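Everything in the sequence shown is counted per numbering that gives the first Met the number 0, starting at 0 for the first residue and increasing by one. Every residue, glycine too, gets a C-beta built ideally from N, C-alpha and C. Predicted, not measured: the structure shown is a model, and the values here were computed from it.
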Amino acid sequence: MGLDGATKITWYGHACVEVRTPGGKTILIDPWFGNPRSPKAAADVRACDLLLVTHGHGDHMGDAVALASRLRPAWPCIHEMSLWLARRLPGGSDATIGMNKGGTVAVGEIAVTMVGADHSAGDWNPGAETTLYLGEPAGFVVRLESGATVYHAGDTNVFGDMRLIGELYRPDLALLPIGGHYTMGPREAALAVELLGVEAVAPIHWGTFPILAGTPAALRHELDERGLRGVVVHDWKPGDAIGS
Ligand SMILES: [Zn+2]
0 MGLDGATKIT WYGHACVEVR TPGGKTILID PWFGNPRSPK AAADVRACDL
50 LLVTHGHGDH MGDAVALASR LRPAWPCIHE MSLWLARRLP GGSDATIGMN
100 KGGTVAVGEI AVTMVGADHS AGDWNPGAET TLYLGEPAGF VVRLESGATV
150 YHAGDTNVFG DMRLIGELYR PDLALLPIGG HYTMGPREAA LAVELLGVEA
200 VAPIHWGTFP ILAGTPAALR HELDERGLRG VVVHDWKPGD AIGS
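The structure is reproduced here in structure tokens:
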């Protein structure tokens, strides 16, 4: 099935995405509203029922702790991140749902499955003179109340097991990084689209800084080179939305 008219997916720049679900819930993924292209400030976020953070890099954790403290969403995250958050969030260990790859967590009628990502994770740990490890990087497959399924790949290179993600979950839309340098670029992302078998892609993690140079037009070109001319590439800018 495809995304239905009751689903709205808004990009706030970088990997920061909001999903308004057919059941009226608000999902935030990698909520770094402090990125230089976001048209919205974290303080202006009014709703978050479900929060997802793909990995413990500052440009993805972003405003997550502040938002979770204020709005108290359900927050499924990888085990190690949940241990760290338990000491920082009101509600302690009850504030997150520790999980791991291959697992699925139900939040109301929404199903969240954690999948792999080929990247790193951790951030600078002031005073410790080393990085703070916050669990392996992940992606998320989110099945909405309608059955429509969205895959947010987080930060990743292309990897062969994307074929398994496609076979198992059949996402209707893939949010894929295309910027290059820290993640895959358009060439790799075009192969990711082929492995996933998706018919629609929304590029993320590009254009935030000049170094993230991949563009939707370049992805379009690479898909055409692969003969995937029917795949929809959403050429959006921060603040734009897919759906109603
Ligand atoms: Zn990262």
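Open item on the list: I need the residues with a C-beta less than 5 Å from some heavy atom of ligand 2; please give them in chain order.
Closed with: In terms of ligand content, the structure shown lacks ligand 2 and carries ligand 1 instead.
TODO: Consult DSSP for Asp223 and reduce its assignment to one of helix, strand or coil.
DONE: helix
Open item on the list: Three or more C-beta pairs under 8 Å: does that hold for the region 147 to 154 against the region 69 to 89?
Closed with: no
Open item on the list: Rounded to the nearest angstrom, what separates Pro215 and Leu190 at their Cα positions?
Closed with: 14 Å
- [ ] With DSSP as the reference, label Glu187 as helix, strand or coil.
- [x] helix
Task: With 16 other Cβ atoms within 10 Å as the buried cut-off, status of Lys24 - done: buried
Open item on the list: What does the Cβ neighbour count give for Asp160, buried or exposed, with the cut at 16 atoms within 10 Å?
Closed with: exposed
Open item on the list: Considering only their Cβ atoms, is the gap separating Tyr150 from Leu167 smaller than 8 Å?
Closed with: no
Task: DSSP beta-bridge partners of Lys7 - done: Arg19 and Gly242
TODO: Put Ile177 into one of helix, strand or coil per three-state DSSP.
DONE: coil
TODO: Would you mind listing the beta strand (DSSP E) stretches within the region 18 to 77 that are 3+ residues and don't spill past its ends, in chain order?
DONE: 25 to 28, 49 to 51 and 75 to 77
TODO: Could you pull the start and end residues of the alpha helix (DSSP H) that Tyr132 belongs to?
DONE: Note, Tyr132: premise wrong, no alpha helix (DSSP H); not H, not E.
Task: Pick from His56, Leu70, Gly184 and Asp171 that is closest to Leu143, judged by C-alpha positions - done: Asp171
TODO: Work out the CA separation of Asp93 and Pro72 for me, nearest whole Å.
DONE: 11 Å
Open item on the list: Which of the three DSSP states is assigned to Pro215 in this structure?
Closed with: helix
Open item on the list: Alpha carbons only, please: which of Ile241, Val52 and Gly126 is nearest the one belonging to Ala251?
Closed with: Given a span of 0 to 243 for the chain in the structure shown, any question on residue 251 remains unanswerable.
Task: As assigned by DSSP and simplified to three states, the class of Val111 - done: strand
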